[in-house]
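Quick notes on the structure that follows.
Protein chains in written order, with the working numbering: chain A, 1 to 286; chain B, 1001 to 1280.
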């Protein structure tokens, strides 16, 4: 597919006797924000690390910007941005120094001041990394990931440990990357994050994709049927339907004011839990 | 093609980035309080303490008619120690910490060439140890009245022992940085090695007065030879007869340092990792 920025086919990776990634397929189109969602130990980070050239795969085909990451050279690296999990490095340098320093590694760096503004750290530009809060620290990580103006950016669990307000602010930041035309692949185990940010959600469990689609369509039509509940004849009745409005109108015609009426659509969380629970065996998860 | 412009603009050069890294490394090095006290200022502090304590009442090391004040006698050992701290201890600890904290992995994900990273480390070591040695010599000259050599031949010896010692200490430091299991453990794993070497290599004592077996153990490691080379620079000719072999043995100094340089390089290239050991 001509628009594919990232293409993974049949990826496999084993650590000892644990099959971390087990035949995973993934593609990301130009300009898309794709969220890889899954429980801990599902193989999300391993997949990202293979796509960014940190690990070698056992089997499968991987193309990132048309290049096999195992053979990625400097010019390939200059076209991707990588924000890895939890960092506490670079403590003694200030925000401004770090962004300017990293900008020099790239042939097409953004203006460091604009990047500092974009991640909302203008007031912290002279502050050393060690003195930043968790949320500010993560924004700095993103600043260092985007300063080279990458075509594709990888964000591995970018908001783990954030308070809700910091998470909202971070989502706005990622949204602004989309507006700049950057393609984003992010992993997360927060459903609201995937729902809020992603054009497409890929649910991964036990090293393989169990479902994917737009957040509103995940799990297919059946999973998204509305559930209508009401009281009748001394008990609670329940009906799953694609046409809840018509159904409730019928009920109203029959019963007048319907006692205990409730119409509910499954949340992404309901769908997700149903997908992940469908495969038992939680022993291996770490 | 969206990539057309990418092809036309070249990537920044390896050496230019090496210099950029050198400046960055130097700036952050001098902000690290531990490094400044225990690596940069340490030889100066130790020289001051030893010269003051042992040099009370004008005590000296005497060779026949020649009196060598304690401050002068200890200076070469402190210069050698400074070189070892700035190269070996500095890199062994800082790289172990960078690996543990994810700094190396972060750099690996950028288009920074690995060679530029190492150029930056070497540049930082060279400039900081040059500054350290200058400071040490200035303190020795001004505060303790130690005469510094006036002839070019001695300074030439100083130059090659300094450069070779720094290079050897650096590659050994890079190789040794893989041993600590965490950044937190790095100081505890590196510092005792450095301390023991200082004690057995004649930095704090007169080397010829150490037990013979200790001298033989010390002779296996570079610090003893570096200190000996520095003694040939800063002590009067008469002190040569105090040496165990009755000579400065500059050929052996060069040979031992070179063996460690090559050995450390081979080991370092084979064992260097950008990621923590528990990170696959």
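Think of the CB as a built atom: it goes at the ideal place given N, C-alpha and C, for glycine as much as any other residue.
Keep in mind it's a predicted model, so treat the numbers as computed, not measured.
Practice prompt. Report the neighbours of residue 82/A on chain B: residues whose CB is nearer than 7 Å to its CB, in chain order.
Written response: As a position in the first chain, residue 82/A is number 82, starting the count at 1. What residue 82/A touches in chain B: 1109.
Worksheet entry | Beta-ladder partner(s) of residue 151/A, from DSSP | Translated into positions along the first chain, residue 151/A becomes position 151. DSSP, once it has assigned bridges, lists no residue as partnering residue 151/A.
Worksheet item: Between the Cα of residue 1088/B and the Cα atoms of 1166/B, 1119/B, 1025/B, which residue gives the shortest distance?
Response: The residue labelled residue 1088/B in the question sits at position 88 within the second chain. Checking every option, the nearest Cα to that of residue 1088/B belongs to 1166/B.
Worksheet entry | Contact belief for residue 1176/B with residue 1190/B at Cβ below 8 Å, rounded distance in angstroms | As a working note, residue 1176/B is residue 176 in the second chain. As a working note, residue 1190/B is residue 190 in the second chain. About 7 Å separates the two Cβ atoms, so the contact holds.
Fill in: Residues of the segment 103–121 of chain A with Cβ closer than 8 Å to any Cβ of chain B, in chain order
Going along the segment 103–121 of chain A in chain order, one finds 104, 105, 106, 107, 108 with a Cβ nearer than 8 Å to chain B.
Worksheet entry | Listed by chain order, chain A residues near residue 1102/B by CB distance under 7 Å | The residue labelled residue 1102/B in the question sits at position 102 within the second chain. One finds 84, 87, 89 in chain A with Cβ atoms closer than 7 Å to the Cβ of residue 1102/B, taken in chain order.
Item to complete: Could you please give me the residues that DSSP links to residue 18/A through a beta bridge?
Response: On the first chain, residue 18/A is found 18 positions in, with the first residue counted as 1. Beta-bridge pairing links residue 18/A to 15/A.
Item to complete: Within 10 angstroms of the Cβ of residue 1301/B, are there 16 or more other Cβ atoms? Answer buried if so, exposed if not.
Response: There is no way to answer for residue 1301/B, as the model of chain B reaches only from 1001 to 1280.
Practice prompt. Let me know if residue 1162/B comes out buried or exposed under the rule of 16 or more other beta-carbons within 10 Å of its beta-carbon.
Written response: Within the second chain, the letter at position 162 stands for residue 1162/B. Label assigned to residue 1162/B: buried.
Practice prompt. Grab me the residues of residue 125/A's own chain with a C-beta within less than 6 Å of its C-beta, minus the 5 sequence neighbours each way, in chain order.
Written response: In the first chain, residue 125/A corresponds to position 125, counting from 1. If we look at residue 125/A and ignore the five residues flanking it on each side, its Cβ neighbours are 95, 96, 116.
Practice prompt. Please report how far the alpha carbon of residue 147/A lies from the alpha carbon of residue 1107/B, in whole angstroms.
Written response: Locating residue 147/A in the first chain gives position 147, counting from the first residue. Locating residue 1107/B in the second chain gives position 107, counting from the first residue. A direct Cα-to-Cα measurement between residue 147/A and residue 1107/B gives close to 13 Å.
Worksheet item: Taking the alpha-carbon positions, what's the residue 205/A to residue 137/A distance?
Response: As a working mapping, residue 205/A is identified with position 205 in the first chain. As a working mapping, residue 137/A is identified with position 137 in the first chain. Roughly 29 Å between the two C-alpha positions.
Worksheet item: What are the residues that DSSP puts in a beta bridge with residue 94/A?
Response: As a working mapping, residue 94/A is identified with position 94 in the first chain. Residue pairing of residue 94/A in beta bridges, as defined by DSSP: 128/A.
Worksheet item: Can you tell me whether DSSP reads residue 1026/B as helix, strand or coil?
Response: Start at 1 with the first residue of the second chain, and residue 1026/B comes out as number 26. Residue 1026/B falls in the helix class under three-state DSSP.
Worksheet item: Quick one: which chain A residues come within Cβ less than 8 Å of residue 1032/B?
Response: The sequence position of residue 1032/B within the second chain is 32, counting from 1. Within 8 Å Cβ-Cβ: 92.
Worksheet item: Which residue spans inside the segment 22–81 of chain A form an unbroken beta strand (DSSP E) run of at least 3?
Response: As far as the segment 22–81 of chain A is concerned, its whole beta strand (DSSP E) runs of at least 3 residues are 33–37, 59–64.
Discussion item. By the 8 Å beta-carbon criterion, what residues does the segment 1115–1149 of chain B contribute toward chain A?
Written reply: Cβ contacts with chain A: none found.
Worksheet item: At what residues does the beta strand (DSSP E) containing residue 238/A begin and finish?
Response: The sequence position of residue 238/A within the first chain is 238, counting from 1. From DSSP, the beta strand (DSSP E) with residue 238/A extends over 235–241.
Worksheet entry | Assumed close pair residue 1086/B, residue 1037/B - CB separation to whole angstroms, cut-off 8 Å | To locate residue 1086/B, count along the second chain from 1; it is residue 86. To locate residue 1037/B, count along the second chain from 1; it is residue 37. The pair is not a contact, with the Cβ atoms about 13 Å apart (cut-off 8 Å).
Item to complete: State the beta-bridge partners of residue 230/A as determined by DSSP.
Response: Residue mapping note: residue 230/A aligns to position 230 of the first chain, counting from 1. Bridge partners of residue 230/A: 237/A.
Practice prompt. Measure the Cβ-Cβ separation of residue 1265/B and residue 1116/B and say whether it is below 8 Å.
Written response: For the purposes of this step, residue 1265/B is taken as the residue at position 265 of the second chain. For the purposes of this step, residue 1116/B is taken as the residue at position 116 of the second chain. No.
Worksheet item: Does the segment 1123–1138 of chain B come close enough to the segment 1020–1027 of chain B to have 3 or more Cβ pairs within less than 8 Å?
Response: Inter-segment contact for the segment 1123–1138 of chain B and the segment 1020–1027 of chain B is present: three or more beta-carbon pairs are separated by less than 8 Å.
Worksheet item: Just curious, the beta strand (DSSP E) that residue 212/A is in, first and last residue?
Response: Position 212 of the first chain, counted from the first residue, corresponds to residue 212/A. Unbroken beta strand (DSSP E) run through residue 212/A: 208–213.
Fill in: Near-chain B residues of the segment 39–55 of chain A (beta-carbon distance less than 9 Å), N- to C-terminal order
In summary, the residues of the segment 39–55 of chain A whose CB is separated from some CB of chain B by less than 9 Å are 46, 49, 52, 53, 54, 55, in the order they occur in the chain.
Worksheet entry | 8 Å Cβ cutoff, residue 74/A in contact with chain B | What you label residue 74/A is simply residue 74 of the first chain in a count that begins at 1. For residue 74/A, the closest Cβ of chain B is nearer than 8 Å.
Fill in: Beta-carbon contacts of residue 1248/B that lie in its chain and below 8 Å, excluding the five residues immediately before and after
The count along the second chain starts at 1 and reaches residue 1248/B at position 248. 1228, 1229, 1231, 1232, 1240, listed in sequence order.
Practice prompt. Note down, one range per segment and in chain order, each beta strand (DSSP E) of at least 3 residues found wholly within the segment 1101–1138 of chain B.
Written response: Fully enclosed beta strand (DSSP E) runs of 3 or longer: not present.
Discussion item. Based on DSSP bridge pairs, tell me the residues matched to residue 1067/B.
Written reply: In the second chain, the residue the question calls residue 1067/B occupies position 67. DSSP lists 1062/B as the bridge partner or partners of residue 1067/B.
Discussion item. Residues in the same chain with beta-carbon distance under 8 Å from residue 199/A, minus the five sequence neighbours each way, listed in chain order, please.
Written reply: Within the first chain, numbered from 1, the residue matching residue 199/A stands at position 199. The answer, listed in chain order, is 32, 33, 34, 214.
Discussion item. Taking CB distances under 8 Å as the criterion, tell me whether residue 284/A reaches chain B.
Written reply: Locating residue 284/A in the first chain gives position 284, counting from the first residue. Below a pLDDT of 50, predicted positions are generally treated as unreliable, and residue 284/A, at 43, falls in that range; no measurement from the model is reported.
Worksheet item: When the distance is taken between beta carbons, is residue 1029/B closer than 8 Å to residue 1128/B?
Response: The residue given as residue 1128/B occupies position 128 in the second chain. The residue given as residue 1029/B occupies position 29 in the second chain. Cβ atoms of residue 1128/B and residue 1029/B: closer than 8 Å.
Fill in: chain B within 8 Å of residue 178/A, Cβ atoms only
Here residue 178/A is taken as the residue at index 178 of the first chain, counted from 1. No, residue 178/A does not count as interfacial toward chain B.
Fill in: Residues bridged to residue 264/A [DSSP beta-bridge criterion]
As a working note, residue 264/A is residue 264 in the first chain. For residue 264/A, DSSP records a beta bridge to 227/A.
Worksheet item: Taking the continuous beta strand (DSSP E) assigned at residue 200/A, which residues delimit it?
Response: In the first chain, the residue the question calls residue 200/A occupies position 200. It spans 200–205 - the beta strand (DSSP E) in which residue 200/A sits, taken as one unbroken run.
Discussion item. Residues in the same chain with beta-carbon distance under 6 Å from residue 14/A, minus the five sequence neighbours each way, listed in chain order, please.
Written reply: In the first chain, counting from the first residue as 1, residue 14/A sits at position 14. Closer than 6 Å at Cβ, skipping near neighbours: 58.
Worksheet item: Residues of chain A with a CB under 9 Å from the CB of residue 1015/B: which are they?
Response: Taking the first residue of the second chain as position 1, residue 1015/B is located at position 15. The premise fails here: residue 1015/B is roughly 13 Å from chain A at the closest Cβ pair, so nothing lies under 9 Å.
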